[in-house]
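For reference, the structure discussed in these notes is given below.
There are 2 protein chains.
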Amino acid sequence: MTTAITTTSTTELDALAAAAAAAAPVWRAADAATRASWLRAAADALDAHADELVEIADAETRLGATRLRGEVGRTTGQLRLFATVVEEGSYLELTVDDADASAAPPRPELRRMLVGVGPVAVFSASNFPFAFSVAGGDTASALAAGNPVIVKAHSGHPRLSERTAAIVAAALVDAGAPEGSLALVEGREAGNALVQHPVIQAAGFTGSLGGGRALFDLAAGRPDPIPFYGELGSVNPVVITPAAVAARGEALAQGLVGSFTLGVGQFCTKPGVVFVPDGAGFEDRVAGFAAGSSGGPLLTDRITAAFPSGIEHLEADASVTVVTHGLPAEPGSAQPVVLSTDAAAVASRPETLLEECFGPVTLLVRYSSDDELHAALEAVPGSLTATLHSEPSDDVAAVLEVLTRKAGRVLFAGWPTGVAVTWSQQHGGPWPATTSLHTSVGATAIRRFLRPVVFQDAPEALLPEVLRDASLATLPHRRNGVLHTGR
Amino acid sequence: MTTAITTTSTTELDALAAAAAAAAPVWRAADAATRASWLRAAADALDAHADELVEIADAETRLGATRLRGEVGRTTGQLRLFATVVEEGSYLELTVDDADASAAPPRPELRRMLVGVGPVAVFSASNFPFAFSVAGGDTASALAAGNPVIVKAHSGHPRLSERTAAIVAAALVDAGAPEGSLALVEGREAGNALVQHPVIQAAGFTGSLGGGRALFDLAAGRPDPIPFYGELGSVNPVVITPAAVAARGEALAQGLVGSFTLGVGQFCTKPGVVFVPDGAGFEDRVAGFAAGSSGGPLLTDRITAAFPSGIEHLEADASVTVVTHGLPAEPGSAQPVVLSTDAAAVASRPETLLEECFGPVTLLVRYSSDDELHAALEAVPGSLTATLHSEPSDDVAAVLEVLTRKAGRVLFAGWPTGVAVTWSQQHGGPWPATTSLHTSVGATAIRRFLRPVVFQDAPEALLPEVLRDASLATLPHRRNGVLHTGR
Chain A
1 MTTAITTTST
11 TELDALAAAA
21 AAAAPVWRAA
31 DAATRASWLR
41 AAADALDAHA
51 DELVEIADAE
61 TRLGATRLRG
71 EVGRTTGQLR
81 LFATVVEEGS
91 YLELTVDDAD
101 ASAAPPRPEL
111 RRMLVGVGPV
121 AVFSASNFPF
131 AFSVAGGDTA
141 SALAAGNPVI
151 VKAHSGHPRL
161 SERTAAIVAA
171 ALVDAGAPEG
181 SLALVEGREA
191 GNALVQHPVI
201 QAAGFTGSLG
211 GGRALFDLAA
221 GRPDPIPFYG
231 ELGSVNPVVI
241 TPAAVAARGE
251 ALAQGLVGSF
261 TLGVGQFCTK
271 PGVVFVPDGA
281 GFEDRVAGFA
291 AGSSGGPLLT
301 DRITAAFPSG
311 IEHLEADASV
321 TVVTHGLPAE
331 PGSAQPVVLS
341 TDAAAVASRP
351 ETLLEECFGP
361 VTLLVRYSSD
371 DELHAALEAV
381 PGSLTATLHS
391 EPSDDVAAVL
401 EVLTRKAGRV
411 LFAGWPTGVA
421 VTWSQQHGGP
431 WPATTSLHTS
441 VGATAIRRFL
451 RPVVFQDAPE
461 ALLPEVLRDA
471 SLATLPHRRN
481 GVLHTGR
Chain B
1 MTTAITTTST
11 TELDALAAAA
21 AAAAPVWRAA
31 DAATRASWLR
41 AAADALDAHA
51 DELVEIADAE
61 TRLGATRLRG
71 EVGRTTGQLR
81 LFATVVEEGS
91 YLELTVDDAD
101 ASAAPPRPEL
111 RRMLVGVGPV
121 AVFSASNFPF
131 AFSVAGGDTA
141 SALAAGNPVI
151 VKAHSGHPRL
161 SERTAAIVAA
171 ALVDAGAPEG
181 SLALVEGREA
191 GNALVQHPVI
201 QAAGFTGSLG
211 GGRALFDLAA
221 GRPDPIPFYG
231 ELGSVNPVVI
241 TPAAVAARGE
251 ALAQGLVGSF
261 TLGVGQFCTK
271 PGVVFVPDGA
281 GFEDRVAGFA
291 AGSSGGPLLT
301 DRITAAFPSG
311 IEHLEADASV
321 TVVTHGLPAE
331 PGSAQPVVLS
341 TDAAAVASRP
351 ETLLEECFGP
361 VTLLVRYSSD
371 DELHAALEAV
381 PGSLTATLHS
391 EPSDDVAAVL
401 EVLTRKAGRV
411 LFAGWPTGVA
421 VTWSQQHGGP
431 WPATTSLHTS
441 VGATAIRRFL
451 RPVVFQDAPE
461 ALLPEVLRDA
471 SLATLPHRRN
481 GVLHTGR
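This is the structure:
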């Protein structure tokens, strides 16, 4: 299916930005119950239109109705989690220091909170047309923080983007939110203009390293730079110890194959590089499961057609061999493939061997000593996740130190595909995994779109409601250094 | 006094960076009591050498022994506050979600905390040779977060920088911290290399808009961009209503003169632009106090010599008149001056009239209607502070909305000079006040140098000590969405 490409003009963008700017003070001033009700109204509207949206999404992304229906649930659950976060109130970081006339110099009264930064730009992703797109995590957390959002539609699913934006924008207005709360722009030029627009105060992005870097540079190059929260790419290293192979090699091999082929290898948390002990027979076990694995069509014909060239790029390295291919692919589908190399090659040519490769492929890296393993791990770029499969008998302190430095989520069981949307989730890591010290999934993603303001010696009548003593009694806050739960 | 300019070579910087990289895991792993003891050891050493340090600082900055001694106290108090912050533990943002096998999909156990980002670069300021320099707030918060620091000395006080660094570095090592915990580099080229050095993971800066922007661009232009937390400049708007002039005009005029001439007008929170009601006689009252005010030498001969050109730049605007000068200046001193203009001029030429002007000068801006005031306020650049002097009879909602959007600290009494170092302080604001959504003063400054890591399904033995259940019992944390104080 092809859709005519729509491009938002500069004049249209200016109008949308003006509406967002006008909506911003309303969102910022909305109390917790109101803002939470707006988020839930958006979630309810998406659920009510799930059948229609899944059908459009499947036609545009080929991800399949089952997966896409699950993603709608994840997306509406995410909006509802942020409604809860807003109601709970910790995200405001309410902090009061009472005046102290006896201090030298005397201290004024200070009451601090976080407030929305203003209109936010969100660049949606190709591989999660719901959860990381128009009404995804960036949008949900930006709205929850009290900011209108302008989304740049992904060119891979324009009809879905338009329909989702229309449904959510209408639901917000119906629930009482101002016009201008959510808008959509389309086309690359409009996206570039969006991140540079004076009204926009922060941006969220999920996508490629190249595209993300270009937008990051535009955001940083503004006369008034703004924070750009991008998730750009991740190889998600896995380390398996000899003891783990001995104890549960078969289960590990099966789990790995399931994870790197999940969703045809198009998850940002796909395990792309797996450090395995040399001579332990683990490659053969992986080959056994991978040979029976199925691929499928990738998001678009162009991405599917490009998949083999990424493999060829890896195979061009003299150290790389093919462990196995998966089941033969239908025409227009990607066939799973497992490659292998050795730790010394990775340590010396990381820019060749450790580039993220979209699709059902993983690279096994043989190591024969701790020193080899550590040298190769140090060459791994910042990642969203790192996974360690070890046994209690292993001394993994040194490996764990490196993995914790390289990734935002460290797993000790299971596989990195699958990102629970919870209070503690961390979906972000050192460059190039993300461009900031924040997460794009989970409750604390809201912090990206908030800025602190402290009120000094304010008359109670001029304080925001949440900073008055009556509100503090029921909200989490810190007073004179002491944390109170508000319960 | 002149001091030969020392420049740290690339080879020297590499060695210092390697030492910082080696120290980083030790700082990151140090428990709260240990890290707090290191911060207090640094504070104690500075206090013990206060006489010597104040003498060097006075010779290099001409700020006077009394002010400088107070600044030493502020600096050591700041180090001790961060020791308390480390011990209290909220800064770790400990968050646990227990596993939930009944969820769809099943949820793993997640345990999240913040950890140090790694070695931090700190660029020290000219106007606070202690509190915003080698052992100032950026350094204290970076160390508290568990990171070694490399400071770029300010060229305005090289001997003080060297001596402070030597004292603190020795105190840290004597207290058990690793070599490489604190180092100093000198020279502009070394500073540029520092912010681009692969070992450096974040940078703090206090200084000029031009210098800060150049370093920000270097940080953002790295192959792996790093966060750059800069405080670049602020005009600190003040709004005075007609009712406030009527009720307490004399006290306000006296307070304003005291604030804009404090420290010879060299505070980053100096009230630089003051919106006053036209025809209320406030200018005459300010003139009365300002005519008797004294100036003094600015930080260096070069800055003192440049002061009149900043005034001339403002006076060149046809709307600007001189309200009064202060007492005649000694040779080599800056004479206070009060200028005035009108709100319409400010709204139409903000880039000329609202540029930060270092030294004892302030600009009174007459307004004759709310519309005029609002239009001019919208033109004010992001600032560290905004001050509103009003009376209960005033309707200030619209003014307050703008001021809260423009500044990180909003005052309702007193004057913005003077920044209490407390849990709630916010010293930061929209660009160009600062380059980030964070503060450089107060307890939460520590967040700038931390990154989140979540551990999924970790065996207890492999968890960091603070994330084990036994630690959580006594530390602030969130579990399954519920906040606990740990008391």
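Sequences listed follow chains A and B, in order. In terms of the UniProt record's numbering, the first sequence has 321 at position 321, counting the first letter as 1, and numbering is strictly consecutive. In terms of the UniProt record's numbering, the second sequence has 228 at position 228, counting the first letter as 1, and numbering is strictly consecutive. Heads up, the beta-carbon is just placed ideally off N, CA and C, and yes, glycines get one too.
Same chain, Cβ closer than 7 Å to residue i, neighbours up to 5 away in sequence not counted
i                : result
Thr2 (chain B)   : The pLDDT assigned to Thr2 (chain B) is 46, lower than 50, so where the model puts this residue is not dependable; a value taken from the coordinates is nonetheless given after this. No residues qualify anywhere along the chain.
Leu218 (chain A) : Asn192, Val195 and Gln196
Thr7 (chain B)   : Glu186, Gly187, Glu189 and Ala190
Leu13 (chain B)  : Val185, Ala190, Ala193, Leu194 and His197
Ser319 (chain A) : Thr341, Asp342 and Ala345
Val454 (chain A) : Leu110, Arg111 and Arg112
Residue nearest to residue i in terms of C-alpha spacing, selected from the options
i                : options                                   : result
Val117 (chain B) : B:Arg487, B:Phe449 and B:Leu462           : B:Phe449
Ala47 (chain A)  : A:Ala29, A:Arg80, A:Ala445 and A:Ser102   : Position check: residue 47 (chain A) holds Asp in this sequence, whereas Ala was assumed. When only C-alpha atoms are compared, the closest one is A:Arg80.
Val199 (chain B) : B:Gln425, B:Gly429, B:Ala386 and B:Ala15  : B:Ala15
Gln201 (chain B) : A:Gly382, A:Leu462, A:His484 and A:Ala473 : A:Gly382
Cys357 (chain A) : A:Leu377, A:Ser234, A:Ala251 and A:Trp423 : A:Ser234
Asn480 (chain B) : B:Gln78, B:Leu110 and B:Thr11             : B:Leu110
Val322 (chain B) : B:Phe412, B:Glu312 and B:Asp394           : B:Glu312
Gly310 (chain A) : A:Pro360, A:Ala125, A:Thr10 and A:Val134  : A:Pro360
His49 (chain B)  : B:Thr76, B:Ala290 and B:Gly295            : B:Thr76
Val410 (chain A) : A:Gln426, A:Arg112, A:Ala59 and A:Gly279  : A:Gln426
Ala21 (chain A)  : A:Tyr91, A:Arg107 and A:Pro148            : A:Pro148
Leu363 (chain A) : A:Ala171, A:Leu256 and A:Ser436           : A:Leu256
Pro105 (chain B) : A:Arg74, A:Ala104, A:Ala347 and A:Leu68   : A:Arg74
Gly64 (chain B)  : B:Asp469, B:Leu262, B:Asp138 and B:Ile226 : B:Leu262
Thr474 (chain B) : B:Arg302, B:Arg487, B:Leu463 and B:Val482 : B:Arg487
Gly265 (chain A) : A:Ser293, A:Gly288, A:Ala280 and A:Glu250 : A:Ser293
Start-to-end residues for the beta strand (DSSP E) that takes in residue i
i                : result
Gln456 (chain A) : Leu450 to Gln456
Lys152 (chain B) : Val149 to Lys152
Phe275 (chain B) : Val273 to Pro277
Thr362 (chain B) : Val361 to Tyr367
Thr324 (chain B) : Thr321 to His325
Ala183 (chain A) : Leu182 to Val185
Val441 (chain B) : No beta strand (DSSP E) holds Val441 (chain B); DSSP gives it neither H nor E.
His313 (chain A) : Here His313 (chain A) belongs to no beta strand (DSSP E); instead the alpha helix (DSSP H) covers Asp301 to Glu315.
Val482 (chain B) : Val482 to His484
His477 (chain B) : His477 to Arg479
CB contact check: residue i to chain C, cutoff 8 Å
i                : result
Glu312 (chain A) : Of the protein chains in the structure, A and B, none is chain C.
Beta-bridge pairing of residue i - partner residues as DSSP gives them
i                : result
Arg35 (chain B)  : Note: Arg35 (chain B) sits in no beta bridge, so no partner.
Phe205 (chain B) : B:Phe123 and B:Gly230
Pro158 (chain A) : Looking at the DSSP assignment, Pro158 (chain A) forms no beta bridge with any residue, so it has no partner.
Ile240 (chain B) : B:His389
Arg111 (chain A) : A:Val96 and A:Phe455
Ser383 (chain A) : A:Ala407
Ala334 (chain A) : A:Gly296
Gly429 (chain A) : Partner(s): none; Gly429 (chain A) has no beta bridge.
Spatial neighbours of residue i in its chain, beta-carbon cut-off 6 Å, leaving aside the 5 residues before and after
i                : result
Ala18 (chain B)  : none
Val86 (chain B)  : Ala32, Arg35, Ala36 and Ala144
Val168 (chain B) : Ala42, Ala135 and Leu182
Gly146 (chain A) : Trp27, Arg28 and Gly116
Thr164 (chain A) : Val134 and Ala135
Ala329 (chain A) : Gly295 and Gln335
Thr11 (chain A)  : none
Start and end residues, alpha helix (DSSP H) containing residue i
i                : result
Ser340 (chain A) : It is not in any alpha helix (DSSP H) - Ser340 (chain A) instead sits in the beta strand (DSSP E) that spans Val337 to Asp342.
Gly70 (chain A)  : Ala65 to Glu88
Using a Cβ-Cβ cut-off of less than 7 Å, list which residues of the region 218-238 of chain B approach chain A; keep chain order.
Ala220, Asp224, Pro225 and Pro227
Against chain A: residues of the region 395-410 of chain B by CB proximity under 8 Å
Val396, Leu400, Glu401, Thr404, Arg405, Ala407, Gly408, Arg409 and Val410
Can you pull out the residues from the region 41-52 of chain B whose beta carbon lies closer than 8 Å to at least one beta carbon of chain A?
none
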